[in-house]
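Take a look at the structure below.
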Amino acid sequence: KAWIEHVKEIVCLRDAHLSRILGFSFTTDEKLVVYEIQANGSLDRLLYGRSRDRPPLDWATRVRIATDAARGLAFLHERSPTKLMYKDFRTFNVHVDKELRARLMGYGFTQSLEEKILTRCCSLCLKVAAYAAPELLQRGTQSLPSPKSNVWSFGVVLLEILTGRQNRDEMFAVEEQDLVGWTAPYLANDKKLFLVVDPELKGMFPARSVSLFAKLAAQCLQRDPAARPSMDQVVQSLE
């Protein structure tokens, strides 16, 4: 009953940067929520899961998608009737419509890290850990998401947009798999920043825009939650 009441609340949410919930279904063993599908699918597929005949996203489109996603998170944190957080916000939660504008999916539902570990395969556990803020991982099963833990996760998403890589992707050298650690020395160094920018962009990007984007990612990824910006501040920086 509590789950049904919660779904009824979030079904009523309306914002240009959220995919609408079209319906829901539940049984004793399973609960399903149906979100509106967006024409271009999830951001992770557009960044590093696309087919070879599909061109990469240009820089302006990447910034626009990041801005739309930030606006969606800011709405959930600050302006929705019930303040909503993601447990593990990631590029999969960002879906792109036919106009290449981003809308969020999967909002309104949190699950403890222990439940994720017990009910999903190990590869998915690693994905969850790849986006979870340090304070959530330290507290483990007692952890609850917060606006600032969502900001950390958004910082990881910004790195994926910048580099065109998925965090913790084992196809890269071990020292380059952790995007947060690998990119850290480059984010504040404009002379070396290009070394971690997605090579698919082929240098076609405004240097100042990329520099500001990288610095914003670094701010979101401060280990001290209090040092991270709010999502409203992130939106202002991206705009």
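Residue numbers (UniProt numbering): 1 to 239.
A virtual CB, placed ideally from N, CA and C, is assigned to each residue, including glycine.
Given that a residue counts as buried once 16 or more other Cβ atoms are within 10 Å of its Cβ, and exposed if not, what is residue 213? buried
Taking 8 Å as the cut-off, does the segment 149 to 161 touch the segment 230 to 239 (at least 3 CB pairs, one atom from each stretch)? yes
Boundaries (first-last residue) of the alpha helix (DSSP H) holding residue 202: No alpha helix (DSSP H) contains residue 202, which DSSP labels as neither H nor E.
To the nearest whole angstrom, what separates the beta carbons of residue 24 and residue 34, a pair I think is in contact under 8 Å? 7 Å
Close-in-space but distant-in-sequence residues of the same chain around residue 176 (CB under 6 Å, 5 per side omitted): 182
Give me the Cα-Cα distance between residue 108 and residue 74, rounded to the nearest whole angstrom. 14 Å
Identify the continuous alpha helix (DSSP H) that holds residue 65 and give its terminal residues. 59 to 74
Can you look up residue 233 in the DSSP assignment and give me helix, strand or coil? helix
First and last residue of the alpha helix (DSSP H) that includes residue 155? 147 to 163
Taking the alpha-carbon positions, what's the residue 63 to residue 28 distance? 42 Å
Under DSSP, the beta strand (DSSP E) around residue 103 begins and ends at which residues? 102 to 104
Whose CA, out of 222, 220, 227, 188, lies closest to the CA of residue 208? 188
What does the alpha-carbon distance come out to for the pair residue 9 and residue 93? 20 Å
Checking contacts by CB at 8 Å: is residue 2 closer than that to chain D? The structure shown has no chain D; it contains just one protein chain.
Local conformation of residue 26 per DSSP, three classes: strand
So what does residue 21 bridge to, in DSSP terms? 35
Residue nearest to residue 72 in terms of C-alpha spacing, selected from 197, 18, 159, 59: 18
DSSP on residue 42, reduced to helix/strand/coil? strand
List the residues that DSSP assigns as beta-bridge partners of residue 95. 42, 103
Can you find the residues in the same chain that come closer than 6 Å, C-beta to C-beta, to residue 101, ignoring five residues on each side of it along the sequence? 68
When the Cα of residue 70 is compared with those of 147, 5, 47, which residue comes out closest? 147
Taking its Cβ as the centre, do 16 or more other Cβ atoms sit within 10 Å of residue 143, making it buried, or is it exposed? buried
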